[in-house]
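Protein chains in written order, with the working numbering: chain A, 4 to 114; chain B, 22 to 136.
Take a look at the structure below.
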């Protein structure tokens, strides 16, 4: 069974600081997704990573994928309060027909 | 013009009742999904349908019965509701043709509370 492990699960960081969230998965997959969820809201797609070495950036967030190490990272640069949310990584486990999610990282950015 | 819409948004009911949640997508996607998010925010796939055909049934109790009348709709009926069914249920859709690189698009969720 595919396991997807995120760490840390909780992260409190100051505005202006940098930090990285890690997502490890246990079996081969070529597609990895990052989603953001605000409290009581839906899931918003952030990044789709399709191949080894893929790197994508949007604003203060940058995601990368190393399929050989079965590792994806979500790097936060110069955090701002608006980034406070829960971030999920998810791995495609059935050729697009199902995602296996990590437990999520609850991020709180404080002044 | 919501892309993936679910109704109702909130559902409060008693144990033993039967309830349905409806989902519609206007994105022209060929695949639809139901996910369950528990109180600890853990998300788990329940079902996926491709062009009205069941593809994934992830060890969900028989009390849960999805129905897809067409590829734009995927409804979820739950019989004999139990306390453990309290959760947020998310509908999602995507294109899987040619192993598309598109993400799954999620609805706003249905918050089910069992009294």
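Ideal placement from N, C-alpha and C gives every residue a C-beta, glycine not left out.
Only counting the same chain, and skipping five residues up and downstream in sequence, which positions put a Cβ closer than 7 Å to that of residue i?
i                      : result
residue 126 of chain B : 24, 25, 48, 113, 114 and 115
residue 123 of chain B : 115 and 116
residue 55 of chain A  : 68, 69, 70 and 71
residue 112 of chain A : 16, 18, 82, 83, 84, 86 and 87
residue 84 of chain B  : 99, 100 and 101
residue 50 of chain B  : 114, 115 and 116
residue 44 of chain A  : none
Which same chain residues end up closer than 6 Å to residue i when comparing Cβ atoms and leaving out the 5 residues on each side of it in sequence?
i                      : result
residue 93 of chain A  : 36, 102 and 104
residue 53 of chain B  : 70, 95 and 114
residue 97 of chain B  : 42, 55 and 87
residue 10 of chain A  : 25
residue 89 of chain A  : 40, 107 and 109
residue 135 of chain B : 36, 102, 104, 106 and 107
residue 109 of chain B : 58, 130 and 132
residue 57 of chain A  : 68
Can you check whether the C-beta of residue i is within less than 9 Å of a C-beta belonging to chain B?
i                      : result
residue 46 of chain A  : yes
residue 106 of chain A : yes
residue 66 of chain A  : no
residue 32 of chain A  : no
residue 40 of chain A  : yes
residue 109 of chain A : yes
residue 81 of chain A  : no
residue 93 of chain A  : yes
Which chain A residues sit within Cβ distance under 7 Å of residue i?
i                      : result
residue 60 of chain B  : What residue 60 of chain B touches in chain A: nothing, since even the nearest Cβ is about 13 Å away.
residue 124 of chain B : 36, 48 and 51
residue 130 of chain B : 45
For a contact meaning CB atoms closer than 7 Å, what does residue i contact in chain B?
i                      : result
residue 13 of chain A  : Under the 7 Å cutoff, chain B gives no residues; its nearest Cβ is about 11 Å from residue 13 of chain A.
residue 89 of chain A  : 62
residue 102 of chain A : 66 and 125
Counting only C-beta atoms, is residue i closer than 9 Å to chain A at any point?
i                      : result
residue 105 of chain B : no
residue 37 of chain B  : no
Sorted by chain position, which residues of the same chain lie with C-beta nearer than 8 Å to residue i's C-beta, five sequence neighbours on each side aside?
i                     : result
residue 63 of chain A : 79, 80, 81, 82, 83 and 86
residue 30 of chain B : 129, 130, 131 and 132
residue 46 of chain A : 38, 39, 40 and 91
residue 23 of chain A : 76, 77, 78 and 79
residue 5 of chain A  : 28, 29, 30, 32, 94, 96 and 103
Q. Can you find at least 3 beta carbon pairs, one from the region 106-114 of chain A and one from the region 94-103 of chain B, that sit closer than 8 Å?
A. The region 106-114 of chain A vs the region 94-103 of chain B: no contact.
Q.
Any C-beta of chain A within less than 8 Å: which residues of the region 59-91 of chain B qualify?
A. When CB distances to chain A are screened at a threshold of 8 Å, the residues of the region 59-91 of chain B falling below it are 61, 62, 63, 64, 65, 66, 69, 71, 76, 77 and 79, in chain order.
Q: Specify whether the region 36-48 of chain B and the region 17-35 of chain A touch according to this definition: at least 3 beta carbon pairs, one from each stretch, less than 8 Å apart.
A: The region 17-35 of chain A and the region 36-48 of chain B do not touch, with fewer than three beta-carbon pairs separated by less than 8 Å.
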